[in-house]
Each structure stands twice: as C-alpha cells, then as structure tokens.
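One structure below.
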Amino acid sequence: MIKKLFFLMAALSFIPALSQDQEMKKQKMNFYFNPSLHVGFNLTKEKEVPNNTQYIQPEVPHQLTYGITAVAGYHFLPNFALGSGIRYSFIEDNYHLLYWMIQPKFIFTPGDHPFYIDVNYGKQINSSVVSDSEFWGLRLGMQVSYSKRLSQEGGIVFENHRLGNSNPFLIGLSYGVTIFSNKNYTGYGED
C-alpha cells in the first residue's frame with residue numbers, strides 16, 4: 007500500500023513538469039495566406055548556337071526574371087506547414103508561365119521572428135511558347151511579425167526550371183506578407 011501511495015505521489019508531482027503553459031507551447035499560424043513577389047537572375051550560361059539557317063532559332067532566356075506567387079495553406083505542426091497556390095513567372099517575351107504549385111514549409115523557432123525553408127514545386131497550367139514546363143525551388147527566409155494576424159517576410163530563392171530544351175537555374179530575392187488566422191501566433195496577440 008505504501009509503495010502504491012508513493013508511486014501515485016511521484017506521478018502527481020511530475021504532472022506540472024510534463025504539462026506546458028500556453029506561453030511555453032510552440033504556436034501555429036493555423037490557416038494562412040501568403041502573397042509574395044520575386045525577382046531572379048539566370049545563372050545558367052546557354053551554349054551559343056551559330057545561326058546558319060534561314061529559320062528563326064529560339065533564343066536563350068533573358069537573365070532577369072520576375073513574378074508573383076499566392077499560396078494558401080495550413081500550419082498544422084509546430085515546425086511544418088503545407089500550402090498550395092498559383093504562381094505567375096515572366097521569363098522572357100512570350101514566356102508568360104502560370105504554375106500550379108505545392109509548398110511544404112519548414113519553420114524554425116515559430117513566433118515573432120521565425121526562420122523558414124520553403125520547398126516549391128510547380129507545374130505549368132497555361133499555354134505559352136513552351137508547354138509542360140515545371141520548376142523546383144528552395145526559399146530561405148525570415149518572417150517578422152507586424153500585427154496580430156500579419157507578418158512580413160523576405161528571403162533568398164533558388165530555382166531550377168525546365169523550359170523545353172532549356173534548364174535555367176535562377177537565384178533571386180522574395181518579399182511577401184503572411185496573413186494567418188491564429189491571433190496568438192505572435193507577441194502582438196497576447197493581451
């Protein structure tokens with residue numbers, strides 16, 4: 007009987023140590039919407055093909071690209087969120103590409119100033135000079151809380167595109183905002 011009582015008291019003494027206060031829990035954004043702008047620079051040097059024919063030869067993609075992305079998703083684990091959305095990219099004249107994309111987001115130190123890594127995959131959904139293009143990308147950045155339900159973010163983007171016979175590799179910058187449903191995600195939400 008004494009052993010059972012001792013075990014019960016020991017178990018009850020560990021309950022406060024094992025439980026987490028609301029302030030100690032890692033917060034989640036819950037539902038979020040993330041519009042962002044990006045600009046990139048093509049690092050791939052395409053081979054120069056001599057133009058010894060009368061037919062028009064395709065040109066290599068320009069060096070500067072830009073676009074806009076809109077992703078909606080859900081932050082369901084403290085360090086992981088999953089989103090999907092649409093992205094428009096301008097590569098060069100007549101290369102107006104519209105992608106359906108999926109974006110897993112890995113979040114480190116959630117809260118007021120989290121560091122994040124986005125893995126992006128997009129598949130072309132419109133008709134353009136090229137068809138069936140796709141891209142893989144990685145975005146490293148940081149969010150800075152702005153209000154109860156809004157953070158602004160900036161990051162560095164690395165992308166590899168498949169555009170017909172061309173595979174440009176782009177490095178660039180991204181800036182956007184994140185609107186989320188959990189008002190207690192940042193310090194602004196605490197009353």
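Be aware that the sequence shown starts at 7, since it is given in this note's numbering, and climbs by one per residue.
The beta carbon of each residue, even a glycine, is placed where N, CA and C say it ideally should be.
This structure is a prediction, so every number in the text was calculated from the model and none was measured.
Who are the near neighbours of residue i in its chain, counting only those whose CB is closer than 6 Å to its CB and skipping five residues on each side?
i      : result
Asp124 : Gln109, Lys111, Arg145
Met35  : His81, Phe186, Asn188, Tyr191
Phe114 : Phe121
Gly160 : Gly147, Tyr181
Val136 : Leu169, Gly170
Ile92  : Ala76
I need the straight-line Cα distance from residue i to residue j, nearest angstrom please.
i      : j      : result
Ser157 : Gly147 : 12 Å
Leu70  : Gly79  : 29 Å
Asn40  : Thr192 : 16 Å
Pro116 : Gln33  : 6 Å
Thr184 : Leu88  : 14 Å
Ser95  : Gln149 : 23 Å
Can you name the start and end residues of the beta strand (DSSP E) that residue i belongs to?
i      : result
His167 : 156-168
Pro41  : 36-48
Val135 : Note, Val135: premise wrong, no beta strand (DSSP E); not H, not E.
Gly89  : 86-96
Ser180 : 175-186
Ile131 : From DSSP, Ile131 is part of no beta strand (DSSP E); its letter is neither H nor E.
Pro110 : 102-114
Which term fits residue i, buried or exposed, when burial requires 16 or more other beta carbons within 10 angstroms of its beta carbon?
i      : result
His167 : buried
Phe186 : buried
Ser153 : exposed
Gly143 : buried
Leu103 : buried
Asn48  : buried
Leu169 : buried
Leu43  : exposed
Leu83  : exposed
Asn171 : exposed
Asn126 : buried
I'd like the list of long-range same chain contacts for residue i, defined as Cβ closer than 7 Å, with 5 residues on each side in sequence excluded.
i      : result
Ser134 : Asn100, Tyr101, His102, Leu103
Leu129 : Residue identity differs from the one stated: residue 129 is Lys in this sequence, not Leu. The residues are Tyr105, Trp106, Glu140.
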